[in-house]
Every structure is written in C-alpha cells, then in structure tokens.
Amino acid sequence: MEFRKILVLRLSAVGDVLRTLPAVKALKEYFPSSYIAWVVEEPSKTLLESQPEIDRVIFLPRKRWTEEMKSIGKVWKTFKEMGQFILELRKQKFDIVLDFHGIIKSGMISFLSGSSKRIGYDRKSSREGNFFFSNIKVKLPKEKISRYQRNFALLKGLGLEVKDFDTRLHIPPRDKEYVESFFIRLNPPLGRPSIAIHTGTNPNALFKRWMPGHYAQLADRLIRELDATVIFTWGPGELESVEAIRKEMREQSVLGPETESLTQLGELFKHCDLYLGGDTGPMHIASLVGTSVLVIYGPTDPVFHEPLGRHRKVRKEVGCNPCRNRSCDELRCLKAITVDDVFLAAKDLLRESFVGHPIVKRDSPHVCH
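Just so you know, we're using this note's numbering here: the sequence shown kicks off at 3 and counts up by one.
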C-alpha cells in the first residue's frame, strides 16, 4: 500500500504539534516516497518547516481571520480568502487526510479538502462532531493512553501498527552552530552532570508552575550535593522570573541564551544530561532530542501528558487532581511536592543515566535548608 500525497491536520498548540511529530515521522518512514503536507497555525509553522519529513507546511491564519470577521468592512474579504484557501487545498488532490486534531474545525478542513479517504477518531475519541467528517474512524483503547500513543493509534487507519517510534527532532545546522557558540564561550565550561531547569509555562497555564522558591532551593542542592552544573532555560517573558530565582540561590548557576526557535531550545537540551521542569512544550522538546526528563506534575494528567524516552514523574495525589481549573489559587497539588521529592527523583534518574560513573559529590542528609 502506498499513498502519494498525504495531508496532516494538527492545527495547534505547540505541545500537541510536538506530540504529533513522531507519528508523522513514522508515517514518512513507512511511505518514504510520499508527499506530506501539514496544515498548522502559528506559532508551530517555523518548527514544522525545519523538519525534513514534511514536504510542505500550509499556514492557516485562523487568528487573523477571527479578528477580521469582527469588522464589517473585512468580512467579505475574509470569506473570499477562506474560499481560496480551500480551493488551493483541493487542487493538491490529496490521496488521504489524517486528522490528528479531532475537532470541528479540523474535520471541516478534512472534508473540504476533497480527499476520498479521511482518517479520524471515532465518536468517543473526538469532539464537536468531528467524527461526521471522516470516513475511516479509528477506535482508541478503553484504558488511558498518552497523547503520543493516541497519535500513533491513528495510523491504524492506514493499516499500520506503531506502538512506539525512536525518532529525534531534526535540528538545522544554523541552530546547532548558534547553541554551540554559546557553550564555547561559557566559562567555566559546562560540567557533568549538567541539568537544564525550565521553570516557565505558557502564560495561560500558570496553574502548572511549581513554586519559584522551591526551584531555587532545588538548584542549590543539585549543585552542592551532586556537583551538577545547573543551566536555567527560558522563553519569551520569562527572563525576569528566572533571574529572580537565580538571585535567591546561594550557589552559582548558568543562565541559558535567548533562543529564537524551538529547535535552538532542543539543541540546548541535547547538551544536557537531564531536563527538569513542569508539564510544558519544552519538556516534550527535551524528550524528542533524547535527553532524560524529570517532570513535575501538578494539575495535569501524568499519563495523558507523558513524554517519550527515559523519564521520571514527580506527582502527589491530593484528591482534586488531575483538573483543568486554570484559575485555581490553592495549588495544593504543586505545594504538596517538596524539594526533597524532586531532588531524590533527579538523583535516581541521573544514576540510571550514568551507570558505572559516580555522580554524587558527597553523601548528605536529605534536608532542605
């Protein structure tokens, strides 16, 4: 079985696009001569354009269209542009569409593409009536599975059984050079074990952020007791909060460089022995470049949001988690996680990575000062 032209639909968000990539990379390996196009919104467009398995990235300007529809003078122009978008899609004559998103918006794009084979999830596994638009429906298992497994499962609609796939995020040479130049200039040079700590989250997901003071205490212990080099990574709008954490520390840490793309951030994580942080897009980037990952889970589901590769989870059951209460100001699920919990998990995960190599500077009681 071979498909010449394949259309992939996973429109947003960055973390979900990242978790769809391994399934699409597996698809390309099974059908190496196929042409794969991917419809996506910002800000994932640049990321997908950097991946060699994707032949074309089709940008969907949803945010702009939504704003223009609010203006009476721009409504007709926007409708014409939407129509042109669909016409261009139909001209491609895709043999098959894979709808990984599973909402009404992606379902409509799948149907309007004109493809005769449209693979999507069944009624129980999709939302907003999405299943009406697909003619090949994939049923998911009853037990809870990760988003990665869910995306691999959609390939069953093509007759492919992919339980896991050892793939890596492609890093363009320019991004490798940019990050390498940072480490070359670093004085003293990066030691081992090296631990990347990413304290931030999406601004709309502040309910997933562990306490800044805890990060400061944790980083001090990692440096003092494991002789680790701790490098703090950060994204847009996060520099000030990271600097505040570093000022609260007693030990010397490293401030990571400003990264212009997700692939630069991925290359930064590749230089580290461990990634440590919350349930975020950067966590998935770290897992997709092969770095061991330690995730602090508060309100989010640790199974559904599980990373690929070697990882460890730190989570406390407090009775109300998992939840999606973005306005929660109690944060009991995060406050219940102690510095000691995360430190011991990091120490164990590093021991697994450094089998036969001592990593502990000295034995010390597990006390947070």
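Backbone N, C-alpha and C fix where the C-beta goes; we use that ideal spot for every residue, glycine too.
query	result
Terminal residues of the continuous beta strand (DSSP E) containing Leu23?	Leu23 -> not in any beta strand (DSSP E); alpha helix (DSSP H) instead, spanning Val16 to Tyr32.
With a threshold of 8 Å on Cβ separation, who are the neighbours of Phe185 within its own chain once the five nearest residues in sequence on each side are excluded?	Pro191, Leu192 and His273
Could you check where the beta strand (DSSP E) with Phe2 kicks off and where it finishes?	This structure cannot settle anything about residue 2, because the visible part of the chain is limited to 3 through 371.
What are the start and end residues of the beta strand (DSSP E) that includes His172?	His172 -> no beta strand (DSSP E), and no H or E assigned at all.
Apply the 10 Å Cβ neighbour rule to Glu260 and answer buried if 16 or more other Cβ atoms are within range, or exposed otherwise.	exposed
From what residue to what residue does the alpha helix (DSSP H) around Gly268 run?	Leu264 to Lys272
With which residues is Phe61 paired in a DSSP beta bridge?	Val42
On a CA-only basis, which of Arg152, Ile56, Gly279 and Leu257 is nearest Asn189? Give me that one, please.	Leu257
Between Pro174, Ile287, Val295 and Glu332, which has its C-alpha nearest Leu208's C-alpha?	Glu332
Give me, in chain order, the residues of the same chain whose beta-carbon lies closer than 7 Å to that of Pro54; leave out the 5 immediate sequence neighbours on both sides.	His172
With a threshold of 6 Å on Cβ separation, who are the neighbours of Arg353 within its own chain once the five nearest residues in sequence on each side are excluded?	none
Could you tell me which residues DSSP pairs with Ile105 in its beta bridges?	In DSSP, Ile105 forms no bridge with anything.
Using a 10 Å radius around the Cβ and a threshold of 16 neighbouring Cβ atoms, would you call Thr22 buried or exposed?	buried
When you compare the CB positions of Asp177 and Thr302, do they come within less than 8 Å of one another, or not?	no
Just verifying my parser: in three-state terms, what is the DSSP assignment at Ile233?	strand
Taking only the alpha-carbon atoms, compute the straight-line gap between Ala39 and Asn204 and give it to the nearest angstrom.	27 Å
Run the CB neighbour count on Glu242, radius 10 Å, all protein chains shown included, and call it buried at 16 or more, exposed below.	exposed
Distance, Cα to Cα, Pro214 vs Thr201?	8 Å
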